[in-house]
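Asks:
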Amino acid sequence: DLKPENLLYFSPDDDSKIMISDFGLSKMEGTGGVMATACGTPGYVAPEVLAQKPYSKAVDCWSIGVIAYILLCGYPPFYDENDSKLFEQILKADYEFDAPYWDDISDSAKDFISCLMEKDPEKRFTCDQALEHPWIAGDTALCKNIHESVSRQMRKNFAKSKWRQAFNATAVIRHMRRLQLGTSFGSSIQSTNSVPSPQSRAPAKSQSVDCAPLSLKDCPPIAPLPSAVKVCNQDSDGPVPQDDPPVVPELPRPRPSTVTVIHTGTK
1 DLKPENLLYF SPDDDSKIMI SDFGLSKMEG TGGVMATACG TPGYVAPEVL AQKPYSKAVD
61 CWSIGVIAYI LLCGYPPFYD ENDSKLFEQI LKADYEFDAP YWDDISDSAK DFISCLMEKD
121 PEKRFTCDQA LEHPWIAGDT ALCKNIHESV SRQMRKNFAK SKWRQAFNAT AVIRHMRRLQ
181 LGTSFGSSIQ STNSVPSPQS RAPAKSQSVD CAPLSLKDCP PIAPLPSAVK VCNQDSDGPV
241 PQDDPPVVPE LPRPRPSTVT VIHTGTK
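Just so we're aligned: the sequence shown equals residues 1 to 267 in UniProt numbering.
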């Protein structure tokens, strides 16, 4: 995945060699081998990859052309907030050498980039051809200092890209939090609905209870239900409920429909 972020200096020296990092998407392949897995960073990927066609190592030459374009002007050749429009630009190889940013760049450098960013991979420069190009092997580069203008454009355009990445990451986090809250709320509702309330466990006082005729002597003694008391600690912030046994509602006692009179002595 060739892009400026993956190009590193080996040391702080001015003549340090350049290192390439991030080989997570790389693959060792023989001469003439083709691949079909769509991967890479959208702004640097070759048209044949986006078109889901078999591709070769020519896609790396395309990426080198994109990197060279950025290093000479400070902004990418393809950019759009909408990914679909961005892909459309890449598929058409629709890029320009805009003024005034390219006014101080030699025609040889522009030709070098055009040969690498060729839409047809069969016509695209290979690595050997790129190394033999006059802009690389010769002295066709203009003697002009473009460091200040390129640095200004890089700070401007790549800061925008970082802001967009940060915004997208924040949007994803917000979306995940909403999903998590929705799941927790749904689980809470399901848990509440699955536990019967005290009113559903015991018939209300207004409901009738069917009982067979009983006499008092047939009725076993009924032990009184313990009344639940909620104990609170009083502090400066008000009463704080303590963990006590759950309140158990007192069940209505069935009333006998037949009463037997028991004589205990003479009147």
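Don't be surprised by glycine CBs; every beta carbon is placed ideally from N, CA and C.
Can you tell which of Gln-89, Glu-88 and Asp-107 has the C-alpha that lies nearest to the C-alpha of Phe-97?
Replies: Position 97 of the sequence shown, counting from 1, holds the residue named residue 97. If we check each option's Cα against that of Phe-97, Asp-107 comes out closest.
Asks: What residue does the alpha helix (DSSP H) around Ile-67 start on, and which one ends it?
Replies: The residue given as residue 67 occupies position 67 in the sequence shown. Here the alpha helix (DSSP H) through Ile-67 covers 58-73.
Asks: Who are the near neighbours of Cys-127 in its chain, counting only those whose CB is closer than 7 Å to its CB and skipping five residues on each side?
Replies: For the purposes of this step, residue 127 is identified with residue 127 of the sequence shown, where counting begins at 1. Only Cys-61 meet the Cβ criterion.
Asks: Please confirm whether Ala-58 and Val-49 have their CB atoms less than 8 Å apart.
Replies: For the purposes of this step, residue 58 is taken as residue 58 along the sequence shown, with counting starting at 1. For the purposes of this step, residue 49 is taken as residue 49 along the sequence shown, with counting starting at 1. Not closer than 8 Å, so no.
Asks: At a cut of 8 Å, does the region 5-19 reach the region 78-90 through at least three beta carbon pairs?
Replies: no
Asks: Is the region 142-159 close to the region 111-127, with three or more CB pairs under 8 Å?
Replies: no
Asks: Would Ile-113 and Tyr-69 be called neighbours here (beta carbons separated by less than 8 Å)?
Replies: As a working note, residue 113 is residue 113 in the sequence shown. As a working note, residue 69 is residue 69 in the sequence shown. Yes, the Cβ-Cβ distance between Ile-113 and Tyr-69 is below 8 Å.
Asks: Below 8 Å on the Cβ atoms is my contact criterion, and I expect Asp-1 with Asp-22 to pass it. Report the Cβ-Cβ distance as a whole number of Å.
Replies: Numbered from its first residue, the sequence shown carries residue 1 at position 1. Numbered from its first residue, the sequence shown carries residue 22 at position 22. Contact flag correct, Cβ pair sits at about 6 Å.
Asks: Give me the DSSP bridge partner(s) of Leu-7.
Replies: Translated into positions along the sequence shown, residue 7 becomes position 7. Bridge partners of Leu-7: Ile-20.
Asks: Measure the C-alpha to C-alpha separation of Ile-90 and Tyr-44 and round it to an integer number of angstroms.
Replies: As a first step, residue 90 is located in the sequence shown; it is residue number 90 there, counting from the start. As a first step, residue 44 is located in the sequence shown; it is residue number 44 there, counting from the start. Each residue's Cα considered, the two are about 9 Å apart.
Asks: Under 8 Å between the Cβ atoms of Val-150 and Gly-74?
Replies: Within the sequence shown, residue 150 is the residue found at index 150, counting from 1. Within the sequence shown, residue 74 is the residue found at index 74, counting from 1. Yes. Within cutoff.
Asks: Excluding the 5 residues flanking His-133 on each side, which residues of the same chain have their C-beta closer than 6 Å to its C-beta?
Replies: Locating residue 133 in the sequence shown gives position 133, where the first residue counts as 1. Once the five neighbours on either side are set aside, the close Cβ partners of His-133 are Phe-112.
Asks: Helix, strand or coil for Met-154, going by three-state DSSP, please let me know.
Replies: Numbered from its first residue, the sequence shown carries residue 154 at position 154. Helix.
Asks: Which whole-angstrom value describes the C-beta separation of Leu-72 and Ile-105, a residue pair presumed to lie in contact below a C-beta threshold of 8 Å?
Replies: As a first step, residue 72 is located in the sequence shown; it is residue number 72 there, counting from the start. As a first step, residue 105 is located in the sequence shown; it is residue number 105 there, counting from the start. With a Cβ gap of about 5 Å, Leu-72 and Ile-105 count as contacting.
Asks: Tell me where the alpha helix (DSSP H) around Leu-86 begins and ends.
Replies: Against the sequence shown, residue 86 aligns to sequence position 86. 83-92 is the extent of the alpha helix (DSSP H) around Leu-86.
Asks: Taking Pro-42 as the reference, give the member of Ala-130, Ala-51 and Gln-153 with the closest Cα.
Replies: Reading the sequence shown from its first residue, position 42 is the one you call residue 42. When each option's Cα is compared against that of Pro-42, the closest is Ala-51.
Asks: What residue does the alpha helix (DSSP H) around Lys-110 start on, and which one ends it?
Replies: Here residue 110 refers to the residue found at position 110 when the sequence shown is read from its first residue. Boundaries of the alpha helix (DSSP H) harbouring Lys-110: 107-116, taken from the DSSP string.
Asks: Considering only the alpha carbon of each residue, which of Ala-141, Arg-155, Ala-46 and Ile-18 lies closest to Asp-103?
Replies: Within the sequence shown, numbered from 1, the residue matching residue 103 stands at position 103. The option with the nearest alpha carbon to Asp-103 is Ala-141.
Asks: Taking the straight line between their C-alpha atoms, what separation do you get for Lys-85 and Leu-131?
Replies: Here residue 85 corresponds to residue number 85 of the sequence shown, with the count starting at 1. Here residue 131 corresponds to residue number 131 of the sequence shown, with the count starting at 1. Distance between the alpha carbons of Lys-85 and Leu-131: 33 Å.
Asks: Between which residues of its own chain and residue 285 is the CB-CB distance below 8 Å, once the five residues before and five after are set aside?
Replies: The displayed coordinates of the chain run from 1 to 267. Any statement about residue 285 would go beyond what the structure contains.
Asks: Alpha carbon to alpha carbon, how far is Met-35 from residue 284? Give it in angstroms, no decimals.
Replies: Absent from the structure is residue 284, since the part of the chain shown begins at 1 and ends at 267.
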